[in-house]
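In our numbering, the protein residues as written are -6 to 327. Backbone N, C-alpha and C define an ideal beta-carbon position, used for all residues, glycine too. This structure is a prediction, so every number in the text was calculated from the model and none was measured.
Structure below.
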């Protein structure tokens, strides 16, 4: 079979067949009287073997060894090919992500594209200073897409860089990137905390909605950050979680301060004081928790809190009694 017919039937161009021959991969079994290459059935089978191995990602040199060296086993080579393929896929995914972020930024010029590329590269730098500068610069230069800022913030362990990223994210708009809301349920506790801290600094209805949902999060740290952030904005839904934080001793000072913010009105103050008293009267409440609850009453105005402090003056727990006596003196008489 002549080279033209082989090319037609095999789908391998005549030029590539000649290239295989120049590398020693393929040797036509014969020549016609006119000197044209003539391929036998074995030659055709070898062509298909070469093409099959090429589909696996083998180089032509590796294909030659696989076909001609009896001791060349596939085990190690296939493992290497798997690793190389994973690396290639990861690189392509990274490129696709970067292109998507540039597209999301909707740059007007190639200069803006180059600025974006530089900022994105800086966000992935090993240098904390470079990452921080990129976060701060994104507000003044070409704004980085929210998704890029959110992903960087979720993976950032340096507190100074993390703060800069949260600041930049809060300035980037009121939308909440999906990666941020999904991270509230991430397997990593650190990632969950970073996610809720980002949401706590963002404004807008979407961030508030996610923070309210976070009040039911299984992670107490997430619930705590969400409750304090919501209370700062006057959201009464955070009250129960804040009281739980005081009982548990988790950021109890922040929780007490947040409750005092929510207790601005008479009705709210009476409700919060009632919740604190209810937990104080719980027979299962331990001494440290009762002490924290007593201190929390200091920031709650109104008659219910004052009466509760008066009732605690003769408490069996001396620390509680002394705290109540001191706080009662600071309040206006009933």
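Item to complete: List the DSSP bridge partners of residue 23.
Response: 31
Discussion item. Could you tell me the alpha carbon to alpha carbon distance between residue 22 and residue 75, rounded to whole angstroms?
Written reply: 35 Å
Item to complete: Check whether the Cβ atoms of residue 316 and residue 305 lie closer than 9 Å to each other.
Response: yes
Item to complete: Within its chain, find whatever has a CB closer than 7 Å to the CB of residue 330; leave out the 5 residues flanking it on each side and keep chain order.
Response: Here the chain has residues from -6 to 327 only, and residue 330 is not among them.
Worksheet item: So what does DSSP say about residue 18, is it helix, strand or coil?
Response: coil
Item to complete: Let me know if residue 309 comes out buried or exposed under the rule of 16 or more other beta-carbons within 10 Å of its beta-carbon.
Response: exposed
Worksheet item: If you draw a straight line from the C-alpha of residue 145 to the C-alpha of residue 112, how long is it?
Response: 12 Å
Worksheet item: In the structure shown, what three-state DSSP assignment does residue 51 receive?
Response: coil
Fill in: Distance, residue 8 Cα to residue 61 Cα
23 Å
Worksheet item: Between residue 302 and residue 290, is the Cβ-Cβ spacing less than 9 Å?
Response: yes
Item to complete: Name the two residues that bound the continuous alpha helix (DSSP H) containing residue 306.
Response: Counting along the chain, residue 306 falls outside any alpha helix (DSSP H), and DSSP gives it neither H nor E.
Discussion item. Given this structure, state the Cα-to-Cα distance separating residue 124 from residue 213, to the nearest angstrom.
Written reply: 30 Å
Fill in: the segment 264 to 283 contacting the segment 205 to 224, beta-carbon criterion three pairs below 8 Å
no
Worksheet item: If you draw a straight line from the C-alpha of residue 121 to the C-alpha of residue 216, how long is it?
Response: 29 Å
Practice prompt. For residue 155, I'd like the list of residues in its chain whose CB is within less than 8 Å of its CB, leaving aside the five on either flank, ordered along the chain.
Written response: 146, 149, 187 and 190
Worksheet item: Which value, in whole angstroms, describes the spacing of the CA atoms of residue 241 and residue 177?
Response: 21 Å
Worksheet item: Hey, residue 220 and residue 195: beta-carbon distance below 9 Å or not?
Response: no
Worksheet item: For residue 206, does the count of other Cβ atoms within 10 angstroms reach 16, so buried, or fall short, so exposed?
Response: exposed
Worksheet item: For residue 208, does the three-state DSSP call read helix, strand or coil?
Response: coil
Practice prompt. For residue 293, count neighbouring C-beta atoms within 10 Å of its own C-beta (all shown protein chains included) and say buried if the count is 16 or more, exposed if not.
Written response: buried
Practice prompt. State the DSSP-derived secondary structure class of residue 137, mapped to helix, strand or coil.
Written response: coil
Worksheet item: How should residue 135 be labelled, buried or exposed, when 16 other C-beta atoms within 10 angstroms of its C-beta is the threshold for buried?
Response: buried
Worksheet item: Buried or exposed: residue 153, going by 16 or more other Cβ atoms within 10 Å of its Cβ?
Response: exposed
Practice prompt. For residue 261, I'd like the list of residues in its chain whose CB is within less than 7 Å of its CB, leaving aside the five on either flank, ordered along the chain.
Written response: 229 and 255
Worksheet item: Which one of 53, 259 and 93 has the shortest CA to CA distance from residue 13?
Response: 53
Item to complete: Could you please give the first and the last residue of the uninterrupted alpha helix (DSSP H) stretch that includes residue 119?
Response: Note, residue 119: premise wrong, no alpha helix (DSSP H); not H, not E.
Worksheet item: Looking at the unbroken alpha helix (DSSP H) that takes in residue 172, where does it start and where does it end?
Response: 171 to 175
Practice prompt. Could you round the C-beta distance between residue 56 and residue 18 to whole angstroms and report it? I think they count as a contact, below 8 Å.
Written response: 7 Å
Discussion item. Using only the alpha-carbon positions, how far apart do residue 66 and residue 3 sit?
Written reply: 27 Å
Practice prompt. May I ask which residues mark the beginning and end of the alpha helix (DSSP H) holding residue 279?
Written response: Element bounds for residue 279: n/a, residue is neither H nor E.
Worksheet item: Just the Cα atoms here: how many angstroms apart are residue 79 and residue 180?
Response: 24 Å
Discussion item. Assuming residue 174 and residue 218 are in contact, meaning their beta carbons sit under 8 Å apart, how far apart are those beta carbons, in whole angstroms?
Written reply: Wrong, their Cβ atoms sit about 14 Å apart, outside the cutoff.
Fill in: Cβ pair residue -6, residue 44 closer than 9 Å
no
Discussion item. Measuring alpha carbon to alpha carbon, tell me which residue in 234, 169 and 232 is nearest residue 199.
Written reply: 169
Discussion item. Using only the alpha-carbon positions, how far apart do residue 37 and residue 20 sit?
Written reply: 11 Å
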